[in-house]
Ligand code: HEM
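Residue numbers (my numbering): 8 to 409.
Listed below in structure tokens is the structure:
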């Protein structure tokens with residue numbers, strides 16, 4: 008499948024480089040939870056090659072790894088993100104630096120602030136739907152879910168519309184760091200210079216946008232430096248855009264595969280909130296969270312020595328049968344229990360309200376404007392793919408043209 012960036016270049020290799028068309032992973036996770044819940048595994052090395060580590064599969068162990076941040080540090084994420092992503096990626100910082108940065112940023116992601124971005128999100132999603140609504144058919148990943156979250160981020164950051172295509176290209180190249188480090192580092196350099204210029208402008212004349220908020224926020228007289236702002240903008244690309252794109256695609260697919268649930272949502276749109284929650288449990292867009300052990304610890308009967316790398320498998324934890332009945336099924340009416348798809352502990356997703364708002368508005372608009380929405384029965388049934396980022400790689404649909 009070919010997917011074009013906003014500036015016209017083909018980014019399908021990059022976009023799906025972290026996904027695999029391999030077998031469905033949940034079957035193997037089930038046996039791991041039962042037989043070897045803390046299992047040795049190969050870890051992608053921070054610099055080259057690979058090293059050994061352990062993966063945790065059960066909910067209770069995954070939650071403990073994420074919550075016990077004084078034993079399980081995320082500094083290995085900072086190393087893995089590499090030089091392209093800035094020196095202070097929030098998700099890869101330990102305390103106290105993490106708490107300081109998060110407190111300066113978190114106001115901007117409070118539900119009331121996020122509410123102010125609803126209109127921009129509606130504008131972006133409707134602009135994209137305008138392009139295919141009259142056709143009666145669309146490929147919703149290529150034409151919609153892949154496109155809107157980066158545009159929403161560009162809008163809320165306050166980037167001038169003439170720069171959106173460039174921003175889109177930098178974003179795609181940065182996200183490809185694991186597979187194309189050279190392009191990612193080059194894109195990072197260009198984005199760094201661009202953000203620095205905008206930050207200077209916002210210091211001189213603040214606007215009603217996220218960049219101005221990041222520049223202006225003060226907590227006890229402390230404020231974010233230029234490098235912290237750049238690191239945060241970089242993190243928004245994989246953490247904010249890639250995940251929201253994946254989650255919206257999986258939500259649409261979950262509904263399209265379950266006609267009765269789609270019908271219920273069509274009648275009562277307030278069900279979209281629980282449908283979004285169920286999607287994050289059923290197909291967490293981000294499947295793993297990496298940590299490194301700071302001091303010897305026992306986890307599930309296995310002693311992990313300091314320096315051991317640990318992968319918390321969020322996807323497996325979200326399908327733990329000790330917590331959910333029929334965990335592999337998509338069921339928006341299931342009994343509500345908190346999933347771990349947005350993480351847990353100090354690094355719990357900062358964008359949770361934004362992500363849910365984006366999913367709700369995007370799917371609501373598609374359902375409103377594409378009446379009779381259904382999967383294109385002449386095409387192979389879409390599936391969710393990937394072991395790190397999980398998403399449907401295509402969603403061919405038909406509907407009544409409007
Ligand atoms: C459905 C969409 C999303 C999912 C499933 C998701 C998932 C996650 C997860 C699992 C973590 C924790 C990672 C770890 O502990 O290693 C995380 C952290 C984070 N997410 Fe999200 N995310 C989503 C959307 C967003 C959006 C839209 C933003 C934009 C603001 C965002 C910003 C962040 C940030 C900044 C962090 C790091 C927080 C910290 O370290 O304190 N995420 N996300």
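Even for Gly, the Cβ is constructed at its ideal location relative to N, Cα and C.
Residue 32 counts as buried, since no fewer than 16 other beta carbons sit within 10 angstroms of its beta carbon. Residue 246 has its CB nearer than 7 Å to a heavy atom of the ligand HEM. Look at the beta carbons and you see the segment 239-257 touching the segment 394-406: at least three pairs across the two are nearer than 8 Å.
Around residue 102, the same chain offers 76, 77, 353 as residues with beta carbons nearer than 8 Å, after the five sequence neighbours per side are excluded. The beta carbon of residue 110 is closer than 7 Å to those of 226 in its chain, skipping five residues each way along the sequence.
Remark: the C-beta of residue 105 is in contact range of the ligand HEM, defined as less than 7 Å to any heavy atom. Counting only residues of its own chain and dropping the five nearest sequence neighbours on each side, residue 405 has a CB closer than 7 Å to the CB of 143, 144, 381, 383. Three or more Cβ pairs closer than 8 Å define a contact, and the segment 81-95 falls short of that threshold against the segment 359-373. When beta bridges are read from the DSSP output, residue 229 appears opposite 226. Counting along the chain, residue 309 sits inside the beta strand (DSSP E) bounded by residues 309-311.
Within 10 angstroms of the beta-carbon of residue 282 lie 16 or more other beta-carbons, which makes it buried.
Residue 218 and residue 206 have their alpha carbons spaced roughly 7 Å apart. Residue 215 has its alpha-carbon roughly 13 Å from the corresponding atom of residue 208. By the Cβ neighbour-count rule, residue 162 is buried, with 16 or more other Cβ atoms within 10 Å of its own. Counting along the chain, the unbroken alpha helix (DSSP H) around residue 255 starts and ends at 250-264. When secondary structure is reduced to three states using DSSP, residue 181 falls in the helix class. Of the candidates 261, 356, 393, 60, 60 places its Cα closest to the Cα of residue 300.
A distance criterion of 7 Å places the beta-carbon of residue 369 beyond contact range of the ligand HEM, judged by its closest non-hydrogen atom. Sequence-distant partners of residue 278 (beyond 5 residues in either direction) whose C-beta falls short of 7 Å from its own C-beta, in its chain, are 271, 272, 339.
When C-beta atoms of the segment 289-306 are compared with those of the segment 255-270, three or more pairs fall below 8 Å, so the two segments count as touching.
Under the three-state reduction of DSSP, residue 77 is assigned to coil, being neither helix nor strand. Distance from the CA atom of residue 84 to the CA atom of residue 267, rounded to whole angstroms, is 41 Å. Taking every protein chain shown into account, the CB of residue 327 has 16 or more other CB atoms within 10 angstroms, so this residue is buried.
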